[in-house]
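There are 2 protein chains.
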Amino acid sequence: MDRDVILREVGLRDGLQGHGQFMPTADKLRWIGAEAAAGVSEIEVTSYVPVKLLPQFADAAEVTTQSLRIPGLAVAALVPNLKGAQRGLELGVHKLNFVMSVSATHNMKNVRRTREESLAEFRAIVAAIAELPAGAARPAICGGLATALGCSYEGAVPVPEVARWAAALVEAGAQELIVPDTVGYANPRLVKEVFRAVLAEAGGIPVAAHFHDTRGTGLANLVAALECGVTRFDASLAGTGGCPFAPGASGNIVMEDACYLLESMGLRTGVDLEKLVEVRRILAETLPDLPLEGAIARAGLPRGYAPAQGAAA
Amino acid sequence: MDRDVILREVGLRDGLQGHGQFMPTADKLRWIGAEAAAGVSEIEVTSYVPVKLLPQFADAAEVTTQSLRIPGLAVAALVPNLKGAQRGLELGVHKLNFVMSVSATHNMKNVRRTREESLAEFRAIVAAIAELPAGAARPAICGGLATALGCSYEGAVPVPEVARWAAALVEAGAQELIVPDTVGYANPRLVKEVFRAVLAEAGGIPVAAHFHDTRGTGLANLVAALECGVTRFDASLAGTGGCPFAPGASGNIVMEDACYLLESMGLRTGVDLEKLVEVRRILAETLPDLPLEGAIARAGLPRGYAPAQGAAA
Numbered sequence: 014m015d016r017d018v019i020l021r022e023v024g025l026r027d028g029l030q031g032h033g034q035f036m037p038t039a040d041k042l043r044w045i046g047a048e049a050a051a052g053v054s055e056i057e058v059t060s061y062v063p064v065k066l067l068p069q070f071a072d073a074a075e076v077t078t079q080s081l082r083i084p085g086l087a088v089a090a091l092v093p094n095l096k097g098a099q100r101g102l103e104l105g106v107h108k109l110n111f112v113m114s115v116s117a118t119h120n121m122k123n124v125r126r127t128r129e130e131s132l133a134e135f136r137a138i139v140a141a142i143a144e145l146p147a148g149a150a151r152p153a154i155c156g157g158l159a160t161a162l163g164c165s166y167e168g169a170v171p172v173p174e175v176a177r178w179a180a181a182l183v184e185a186g187a188q189e190l191i192v193p194d195t196v197g198y199a200n201p202r203l204v205k206e207v208f209r210a211v212l213a214e215a216g217g218i219p220v221a222a223h224f225h226d227t228r229g230t231g232l233a234n235l236v237a238a239l240e241c242g243v244t245r246f247d248a249s250l251a252g253t254g255g256c257p258f259a260p261g262a263s264g265n266i267v268m269e270d271a272c273y274l275l276e277s278m279g280l281r282t283g284v285d286l287e288k289l290v291e292v293r294r295i296l297a298e299t300l301p302d303l304p305l306e307g308a309i310a311r312a313g314l315p316r317g318y319a320p321a322q323g324a325a326a
Numbered sequence: 014m015d016r017d018v019i020l021r022e023v024g025l026r027d028g029l030q031g032h033g034q035f036m037p038t039a040d041k042l043r044w045i046g047a048e049a050a051a052g053v054s055e056i057e058v059t060s061y062v063p064v065k066l067l068p069q070f071a072d073a074a075e076v077t078t079q080s081l082r083i084p085g086l087a088v089a090a091l092v093p094n095l096k097g098a099q100r101g102l103e104l105g106v107h108k109l110n111f112v113m114s115v116s117a118t119h120n121m122k123n124v125r126r127t128r129e130e131s132l133a134e135f136r137a138i139v140a141a142i143a144e145l146p147a148g149a150a151r152p153a154i155c156g157g158l159a160t161a162l163g164c165s166y167e168g169a170v171p172v173p174e175v176a177r178w179a180a181a182l183v184e185a186g187a188q189e190l191i192v193p194d195t196v197g198y199a200n201p202r203l204v205k206e207v208f209r210a211v212l213a214e215a216g217g218i219p220v221a222a223h224f225h226d227t228r229g230t231g232l233a234n235l236v237a238a239l240e241c242g243v244t245r246f247d248a249s250l251a252g253t254g255g256c257p258f259a260p261g262a263s264g265n266i267v268m269e270d271a272c273y274l275l276e277s278m279g280l281r282t283g284v285d286l287e288k289l290v291e292v293r294r295i296l297a298e299t300l301p302d303l304p305l306e307g308a309i310a311r312a313g314l315p316r317g318y319a320p321a322q323g324a325a326a
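Residue numbers (the numbering used here), protein chains in the order written: chain A, 14 to 326; chain B, 14 to 326.
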């Protein structure tokens, strides 16, 4: 299927990780299956972290294995370190999303490492993939630059610092970069500065954007990144992912709203928006305490709305 | 005060017109006074319409008269016809915002006139202003093009139609144009098409944007209009203005969030964001049933946030 942009579901990881209630494995798989059936081509299905840290991902192996059976779906998982990556290699996951923070303080709080130590860990993951036996399936390895658009400890993060760590990840073997607005500080002007700087260091590998809508700027930031040439966007169904320490703060940009925005701009996402909206039912049934955000689910589509037809701008 | 962009409060008109409960006049005036004190330079304070149609505006004369006493505040009011405009002339309001719809169907449903009849009414208002005695204060007369970005009866509205009616209002004497996304159908690509077309017909008079956030695209649309050179934006405190026939649908773009977005992009609004957020209390106290939207009020400002300093892009 021809797509102008790729929307990647991260709700199963980013959306669920801060939610206190365990989502039963069968429901996670219903969610993944329904989104894949709606045309979502890539899903970050879990995180390979110690169960005692994040019990939500106790079923990481089962979720990964079952997701890998869905034809055509790219199955990704977040990994904070080599140990997590090794689990991914054993499971045969398609893509490892490694994350480090550009902010030294945030990196230390988040993974208890200096940034240099995180980079060394990333290199070790790249080496572990290289050492897989000939003929073995190799996962793609992506480098994530958390706090690239601002940090709740350090405030503004200098753009040259973002560029420097982007270059370091590329040099170390990243096949894709992910630039997240981890705490929802971005604005469209900053997005353009940061993404242009990162794209200049990317050496042609894809650069993806991961926005949180904490301060209402999420979709405006998406459009700003799009104008820089970015075509891969993380989002979560119903905008799950509110930070547990900021009640009411919204999480990732809403998948359905991002899909609507892009399609209405003439950009093909490959996703059937009406089927996508239907998937919200699974969340509502399974996790009744999880707040479901989203404007399109609430307001409905405009009269005469038609998805993009391939004559994209 | 130097401003790069002008945010205009329309909540007292657009926000309240669909709300069933009358907001006491004293509270409206507290709201207006507090926003003016926060630096908001222009407020659409009421609508000159028959009381039996919109009892919310039964106090239009009192609200106008008292608002006009606030130093430095531009006091605007919506007028659907000559009769309403004549009330504005009597009261000495600074600005008359006349509205007609580009969609013939919407215009008929909204004001029971053909578009040609609305244009004739607009000409009559311009003539009435011209006939004011020499030396009398003359209000500015603005032409609003409702449904310019889509219509809930007709669906997509052809851009050449928008341009045609923009040109007609300019030729008839409009001193400013207002382009509203009446039903929240706009996307950034369409915004750029429509605003470029309208700006091409505007002959140098200001063109303002009025977005609803019904489908989550409000701030993205604002940025798109900004990129076309638009610097006047309508918004409402706490995003009031949800359509009474679409429960939960949000109304105008949220004033506080628009202020945050613009200031964080380095554009001076002249508005003190923290004081603006405080004004929400007046709404909460007075109209407890009115849903208060807004990300900044919920999430707070980023660490290290500073308003724009005058080195705007």
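Glycine included, each C-beta is placed from N, C-alpha and C at the ideal position. Just so we're clear, the structure is a prediction, and the values are computed from it rather than from any experiment.
(request) Check whether the Cβ atoms of residue 220 of chain A and residue 162 of chain A sit closer than 8 Å, and answer yes or no. (result) no
(message) Quick check: the Cα distance between residue 179 of chain B and residue 96 of chain B, rounded to an integer number of angstroms?
(response) 22 Å
(request) Using 10 angstroms around the beta-carbon of residue 312 of chain B, count the other beta-carbons present and answer buried if the total reaches 16, otherwise exposed. (result) Classification of residue 312 of chain B: buried, given that the 10 Å Cβ count is 16 or more.
(request) Let me know if residue 42 of chain B comes out buried or exposed under the rule of 16 or more other beta-carbons within 10 Å of its beta-carbon. (result) buried
(request) Can you tell me the Cβ-Cβ gap for residue 234 of chain A and residue 253 of chain A, rounded? I've got them flagged as a contact below 8 Å. (result) Not a contact, Cβ separation roughly 18 Å.
(message) Run through chain B and tell me which residues come within less than 7 Å of residue 16 of chain A, C-beta to C-beta.
(response) Chain B residues near residue 16 of chain A: none, gap ~17 Å exceeds 7 Å.
(request) With 8 Å as the threshold, decide whether the Cβ of residue 60 of chain A is near any Cβ in chain B. (result) no
(message) Less than 8 Å between the beta carbons of residue 74 of chain A and residue 104 of chain A, yes or no?
(response) yes
(request) Kindly list the residues whose CB is nearer than 6 Å to the CB of residue 308 of chain A, restricted to its own chain and excluding five residues on each side of it in sequence; keep chain order. (result) 270
(message) If you follow the alpha helix (DSSP H) that residue 9 of chain B is in, where does it begin and where does it stop?
(response) A question about residue 9 of chain B goes unanswered here, because the residues of chain B that appear run from 14 up to 326.
(request) Anything in the stretch 210-239 of chain B with a Cβ closer than 8 Å to a Cβ of chain A? List those residues in chain order, please. (result) 226, 227, 228, 229, 230, 232, 233, 235, 236 and 237
(request) Determine the chain B residues that contact residue 200 of chain A at a beta-carbon separation under 8 Å, and present them in chain order. (result) 274, 277 and 278
(request) Measure from the alpha carbon of residue 302 of chain B to the alpha carbon of each residue in B:31, B:141 and B:247, then state which is nearest. (result) B:31
(request) Return no unless some Cβ of chain B is closer than 8 Å to the Cβ of residue 173 of chain A. (result) So, not an interface residue.
(message) Comparing C-alpha positions only, which one of B:101, B:281, B:182 and B:164 sits nearest to residue 61 of chain B?
(response) B:101
(message) I need the DSSP call for residue 229 of chain B, collapsed to helix, strand or coil.
(response) coil
(request) Anything in chain A within Cβ reach of residue 270 of chain B, meaning under 9 Å, just list it in chain order. (result) 228, 229 and 230
(message) I'd like to confirm the pairing. Which residues does DSSP put opposite residue 245 of chain A in its beta bridges?
(response) A:19 and A:221
(message) Would you say the beta carbon of residue 96 of chain A is closer than 7 Å to some non-hydrogen atom of the ligand ATP?
(response) Ligands in the displayed structure: none, and consequently the ligand ATP is not present.
(message) Please return the same chain residues whose Cβ sits closer than 8 Å to the Cβ of residue 201 of chain B, not counting the five positions on each side in sequence.
(response) 230, 233, 234, 236 and 237
(message) Give me the chain A residues within the contact set of residue 165 of chain B, using Cβ-Cβ distance strictly less than 7 Å, ordered along the chain.
(response) Ordered by position in chain A, the residues that pass the 7 Å Cβ test against residue 165 of chain B are 316.
(request) Measure the Cβ-Cβ separation of residue 158 of chain A and residue 192 of chain A and say whether it is below 8 Å. (result) With contacts defined by Cβ atoms closer than 8 Å, residue 158 of chain A and residue 192 of chain A form a contacting pair.
(message) Let me confirm a value: residue 129 of chain B is counted as buried when at least 16 other C-beta atoms fall within 10 Å, else exposed. Which label applies?
(response) For residue 129 of chain B, the number of other beta carbons within 10 angstroms of its own is below 16, and it is reported as exposed.
(request) At 7 Å on the CB atoms, spell out the chain A contacts of residue 154 of chain B, in chain order. (result) Simply none; closest approach about 31 Å.
(request) Let me know the secondary structure DSSP gives residue 135 of chain B once reduced to three states. (result) helix
(request) For the alpha helix (DSSP H) containing residue 144 of chain B, list its first residue and its last residue. (result) Residue 144 of chain B -> no alpha helix (DSSP H), and no H or E assigned at all.
(request) Kindly indicate which residue of A:277, A:47 and A:185 has the alpha-carbon position closest to the one of residue 86 of chain A. (result) A:47
(request) Taking only beta-carbon positions, decide if residue 322 of chain A is within less than 8 Å of chain B. (result) no
(request) For residue 283 of chain A, go through chain B and note every residue whose CB falls closer than 9 Å to its CB, in chain order. (result) Per Cβ cutoff of 9 Å: no residues; residue 283 of chain A is ~18 Å from chain B at best.
(message) Any C-beta of chain B within less than 9 Å: which residues of the stretch 96-108 of chain A qualify?
(response) none
(request) Tell me, please, whether the CB atom of residue 312 of chain B is closer than 8 Å to any CB atom in chain A? (result) yes
(message) For residue 108 of chain B, report the span of its beta strand (DSSP E) as first-last.
(response) 108-114
(message) Three or more C-beta pairs under 8 Å: does that hold for the stretch 141-153 of chain A against the stretch 66-83 of chain A?
(response) no
(request) Find the nearest neighbour of residue 117 of chain B within the set B:225, B:67 and B:171, judged by alpha-carbon distance. (result) B:171
(request) Flag residue 149 of chain B as yes if its beta-carbon sits less than 8 Å from any beta-carbon of chain A, otherwise no. (result) no
(message) Give the list of continuous beta strand (DSSP E) stretches no shorter than 3 residues that lie fully inside the stretch 167-219 of chain B.
(response) 189-193
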